[in-house]
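Data block below; observations after.
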Amino acid sequence: MNWSTLSGRLIAATIITVALLSACSSPAVTGMKVHMQNGEYEETIILADSVIANGEAENMEVWLWRGRAQANLNDWVGASESFIQVNQLDPTVDLTEYWFAFYNGGVTLLDEDDTAGGIELLNTGARIMPAIPNFDLMLGDIELNINGDYDAALARFLSAGEKGLLHIDELEATIDETEDPYMLDYLYDVLGQTEMIAIQGFFNSGSVLSMMAQDADEAEAADLRLQARQAYEKALTIDSTNIDVLEAIAESEMLEGNYEAAMLVFEEAFIQIDLGVTEGWLDPEEADMLIANIMVSQGFAFVEMEQFDRAITELTAARDLIGDDFLVLATLAHAEFMIEDYQAALDHLEAALLIEGLDAQDLASAYHMKFASYSRLEMDAEAAVALETALEFAPENARYWELLASTYSRLGRRNDAINAMQRAEDLGGI
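Add 12 to the 1-based position in the sequence shown for this note's numbering, that's all there is to it.
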């Protein structure tokens, strides 16, 4: 499994060893500190293992320095195991600055397909350092993508967002009191990372709530969509220029049928994209992709508003930016079908079907739309072939069988029509 999402990336970190030797430390611990100060991390671990084997396994400091050395060698699982020993020997020791060892260790195990071990290590990190939002974000991904538990994923994502907000407040207060320019650079870097985690937590919360709304009855769906909108707006309080969040809010307006409000949000997103390119924090190619995605959403909104010519203009512009894309071409074909330009719809569907990697649902949908266009053109033989192909990808679709029966009947294929209608009845379509 490749954890390539934002919350699944390994966190780059550096252990800064304080150049002080404690007078109360044992000689072995003092030696470990000297090794660490000299960057001799492997020697530190060798000495620690020797000390542990010779009777100092209950010395918390030995495990602490061992973990620091392992972290500097990017041995995240090993470092976590050492820090767990520290916590077991003295639960009052604050291990917050080493949270990334547990996080990276968990991700490493997940990448090695040790899902149970990765989850256990992440949960251990969350237990020892409950204020760190990254654990909740990653565990939310696991609940969603492995366990399929929307409620558990939502709880984790919301927790990540709220913990992130608290950490942002703490960092901003610390920044106000800090005069050291080097420390300020570090704090601003941490602040930026924390803002990103909090935004991702609320954004993911909104996405999960939107997915839950799709399977709910209308009253519950409306409440879930409202909660999704509130989650997106919390993300926007952290960064009012976040394009992904703006687009999500626009789409939530569309789900409520508020298309004009959605258009206003889309316009704000365009402004932020232009600003990003001008200020240099957004690559022009990435900007084109973002613009195209928004144009696709706008095109869909225009279709829903029955402004089909505007939809076609918007979708054609998106295609010019990103080339042939199934969603763009399929939506274009739909808009052209609605204005009765059936041949143009067929042309775009043919282009869509040339795209590699389409799943069965996309293929069935495209061939069904071809069937509809051929039917309107009274090309029943071609329509039948298109629908037969759609059924290869969606053989349990009763509605397709009903339509095929009608098409066969028009072609005079009586027995085929009877068989197709029987198939529809068997599937509960009539």
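Idealized CB from N, CA, C, for every residue including glycine.
- The Cβ atoms of Gly117 and Ala91 lie closer than 8 Å to each other.
- Closest in C-alpha terms to Val340, from the list Glu109, Met307, Gly43, comes Met307.
- With the rule of 3 Cβ pairs closer than 8 Å, the segment 228 to 237 does not count as touching the segment 177 to 185.
- Three or more Cβ pairs drawn from the segment 168 to 178 and the segment 202 to 211 lie within less than 8 Å of each other, which places the two stretches in contact.
- In this model, Ala273 and Glu265 are separated by some 7 Å (Cα to Cα).
- One alpha carbon belongs to Glu298, the other to Gln373, and they sit about 28 Å apart.
- The C-alpha of Ala398 lies about 13 Å from the C-alpha of Glu390.
- Tyr115 is the residue among Leu121, Asp163, Tyr115 whose C-alpha sits nearest the C-alpha of Met150.
- Nearest to Glu55 by C-alpha distance, out of Gly79, Ala69, Glu68, Gly67, is Gly79.
- Between Trp293 and the set Leu267, Ser387, Thr253, Ala363, the nearest pair of CA atoms involves Thr253.
- Cβ-Cβ separation between Leu107 and Met72: approximately 11 Å, too far for a contact (criterion under 8 Å).
- Beyond the five residues adjoining it in sequence on each side, Phe147 comes within less than 6 Å, by CB distance, of Leu134, Gly137, Ala138 in the same chain, given in chain order.
- In terms of Cα proximity to Trp413, the closest of Ala83, Ala376, Ala240 is Ala376.
- Taking C-alpha positions only, Leu358 is separated from Leu370 by approximately 17 Å.
- Just so you know, the alpha carbons of Gly43 and Met195 end up roughly 29 Å apart.
- Taking a C-beta distance under 8 Å as the contact criterion, Trp75 and Gln97 qualify as a contact pair.
- DSSP places Trp413 in the uninterrupted alpha helix (DSSP H) bounded by 410 to 422.
- Only residues of its own chain outside the window of five on either side were considered, and among them Val315, Phe320, Ala323, Ile324 have a CB closer than 6 Å to the CB of Ala347, listed in chain order.
- Counting along the chain, the unbroken alpha helix (DSSP H) around Gln284 starts and ends at 271 to 291.
- Under a 10 Å Cβ-count criterion, Gln310 is classified as buried, with 16 or more other Cβ atoms of the shown protein chains found around its own Cβ.
- In this structure, the straight-line span from the alpha carbon of Ile430 to that of Tyr420 is close to 9 Å.
- Looking at the backbone, the Cα of Ile158 and that of Ser222 are separated by about 19 Å.
- Secondary structure of Ala143 (DSSP, three-state): coil.
- Sixteen is the threshold: since fewer than 16 other Cβ atoms of the shown chains lie within 10 Å of the Cβ of Pro39, the residue is exposed.
- Counting the other CB atoms within 10 Å of its CB gives Gln226 a total below 16, which places it among the exposed residues.
- The C-beta of Asp332 has fewer than 16 other C-beta atoms within 10 Å across all chains shown, which makes the residue exposed.
- Secondary structure note for Gly173: its alpha helix (DSSP H) is the uninterrupted segment 162 to 189.
- Per DSSP, the continuous alpha helix (DSSP H) segment holding Asn99 begins and ends at 88 to 101.
- The continuous alpha helix (DSSP H) containing Tyr198 extends over residues 193 to 226.
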